[in-house]
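What follows is a single structure, written as structure tokens, with notes after it.
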Amino acid sequence: MSEWTQANQAYLAAQVARVSARLAAHAGQETAAPSIPAMPDGMTAALDRLVDLFDLSPFERDVLLLCAGMELDGRFPDLCAAAQPSGRPQPTFSLALAALPAAHWSALTPDGPLRQWQLIEIDGGPTLTHSALRLDERILHELPGAPALDERLASFVYPLPATADLVPSHQAIAHTISQTWLQAAQSGDFPIVQLCGAPDTPRAEIATAVCAQLGLRLYRLPVTLLPTAAADLAKLRRLWQREALLADCVLLLDGDGLDGPNDALAQWLAQSWGLFFVLGEARRGPWARPSLTF
Numbered sequence: 010m011s012e013w014t015q016a017n018q019a020y021l022a023a024q025v026a027r028v029s030a031r032l033a034a035h036a037g038q039e040t041a042a043p044s045i046p047a048m049p050d051g052m053t054a055a056l057d058r059l060v061d062l063f064d065l066s067p068f069e070r071d072v073l074l075l076c077a078g079m080e081l082d083g084r085f086p087d088l089c090a091a092a093q094p095s096g097r098p099q100p101t102f103s104l105a106l107a108a109l110p111a112a113h114w115s116a117l118t119p120d121g122p123l124r125q126w127q128l129i130e131i132d133g134g135p136t137l138t139h140s141a142l143r144l145d146e147r148i149l150h151e152l153p154g155a156p157a158l159d160e161r162l163a164s165f166v167y168p169l170p171a172t173a174d175l176v177p178s179h180q181a182i183a184h185t186i187s188q189t190w191l192q193a194a195q196s197g198d199f200p201i202v203q204l205c206g207a208p209d210t211p212r213a214e215i216a217t218a219v220c221a222q223l224g225l226r227l228y229r230l231p232v233t234l235l236p237t238a239a240a241d242l243a244k245l246r247r248l249w250q251r252e253a254l255l256a257d258c259v260l261l262l263d264g265d266g267l268d269g270p271n272d273a274l275a276q277w278l279a280q281s282w283g284l285f286f287v288l289g290e291a292r293r294g295p296w297a298r299p300s301l302t303f
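Letter by letter, the sequence shown follows residues 10 to 303 of our numbering.
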């Protein structure tokens with residue numbers, strides 16, 4: 010086990026124990042609050058990285074830990090039951106609002122980060138505040154430092170590993186793209202990169218070279234797999250954008266074989282931010298975002 014893994018898991022356990030002590034105090038039980046160990050210099054705990062990535066408030070962080078405790082600490086069902094009048098052995102927003110410090114109602118809203126980024130799941134209940142809460146599985150694995158691709162994405166995307174060296178002209182294209190994206194990093198206005206040519210040209214290889222230069226992971230998504238229903242497309246897009254944040258990912262949208270405009274592709278690019286390649290035999294667009302074509 011690496012030094013970071015050991016330190017991260019000790020930090021997570023202490024943070025869960027801190028929330029456990031809050032529940033116990035709310036239930037009238039005397040429990041000493043644990044000390045939180047510091048991470049080694051230059052290392053960031055997975056929990057703190059999530060807080061930064063999704064701009065979580067201290068209360069939202071503790072709601073996340075409340076849900077994590079159900080998976081990581083066998084005492085949590087009894088604590089939840091003892092700490093709320095309903096005796097329910099699961100976390101609820103009602104319990105969080107009553108037992109956790111710095112509570113605020115905006116954490117419950119659909120556009121708050123907990124729900125917007127699907128960090129938690131809400132099981133059906135009579136009311137929002139009394140519905141059981143559960144940690145999203147992708148986030149559960151992220152916290153102890155064992156990240157894995159969301160299984161809901163696995164049916165749509167697959168990784169593209171680095172390939173053999175490119176000829177100098179293609180290396181120059183990859184360098185131009187990587188430098189363009191680096192220069193755009195301050196503003197966050199990354200242009201879409203279209204890689205055009207026949208299927209036997211090294212378009213995907215150029216994309217993998219760019220990602221290797223930038224230290225990013227590349228995934229391929231065939232455009233033909235994009236849902237046509239707007240709601241389904243939005244769900245998939247949100248899952249991808251969360252994955253891109255968590256794992257520093259780039260998406261290659263493979264449009265080979267498409268005939269004419271594709272509404273799902275246009276909608277995806279218009280409503281998404283981040284880094285995208287679009288693959289095709291001919292130039293597509295125009296898009297709602299700036300693009301470069303090679």
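Think of the CB as a built atom: it goes at the ideal place given N, C-alpha and C, for glycine as much as any other residue.
Every value quoted in this text rests on a predicted model; they were computed, and no experiment measured them.
Check: Using the C-alpha atoms, what's the distance from R226 back to D159?; Outcome: 15 angstroms
Check: Inspect the beta-carbon positions of G154 and T14 and report whether they are closer than 8 angstroms.; Outcome: yes
Check: Look up F286 in the DSSP assignment and say whether it is helix, strand or coil.; Outcome: strand
Check: Whole angstroms are fine: how far does the CA of F285 sit from the CA of A221?; Outcome: 15 angstroms
Check: Name the DSSP beta bridge partners of R143, please?; Outcome: E130
Check: Start and end of the beta strand (DSSP E) containing S44?; Outcome: Here S44 belongs to no beta strand (DSSP E), and DSSP marks it neither H nor E.
Check: Which of helix, strand or coil does DSSP assign to D174?; Outcome: coil
Check: Would you mind sorting V114 into buried or exposed? The rule is 16 or more other CB atoms within 10 Å of its CB.; Outcome: Reading the sequence as shown, one finds Trp at residue 114 and not Val. With fewer than 16 other Cβ atoms within 10 Å, it is exposed.
Check: Once DSSP output is grouped into helix, strand and coil, what is the label at S66?; Outcome: coil
Check: Per DSSP, V259 forms a beta bridge with which residues?; Outcome: L227
Check: Just the C-alpha distance for G197 and Q250, rounded to the nearest angstrom, thanks.; Outcome: 14 angstroms
Check: Nearest to D174 by alpha carbon, out of I131, S164, R212?; Outcome: R212
Check: Quick one, which of Q18, P43, S29 has its alpha-carbon nearest P49's?; Outcome: Q18
Check: Could you give the first and the last residue of the continuous beta strand (DSSP E) run that contains Q203?; Outcome: 201-205
Check: State the CB to CB distance for the pair W324 and R247, rounded to an integer number of angstroms; the pair is presumed to be in contact (CB under 8 angstroms).; Outcome: Nothing can be reported for residue 324, as the shown portion of the chain is limited to 10 through 303.
Check: Of all the CB atoms in chain B, is at least one closer than 8 angstroms to the CB of V219?; Outcome: Here chain B cannot be found, since the structure has a single protein chain.
Check: Distance check for L262 and E290, CA to CA, integer angstroms please.; Outcome: 13 angstroms
Check: What are the residues that DSSP puts in a beta bridge with Y167?; Outcome: R229
Check: Going straight from the alpha carbon of Q192 to that of A218, what length do you get?; Outcome: 18 angstroms
Check: For A273, which residues of its own chain have a beta-carbon under 8 angstroms away from its beta-carbon, when the five flanking residues on both sides are left out?; Outcome: V232, L235, P236, T237, L242
Check: Suppose the cutoff is 8 angstroms on Cβ atoms and the five residues either side in sequence are ignored; what does the same chain contact list for E130 look like?; Outcome: L142, R143, L144, D145
Check: Could you work out which residue in Y228, P86, G78 is closest to D257 when comparing CA atoms only?; Outcome: Y228
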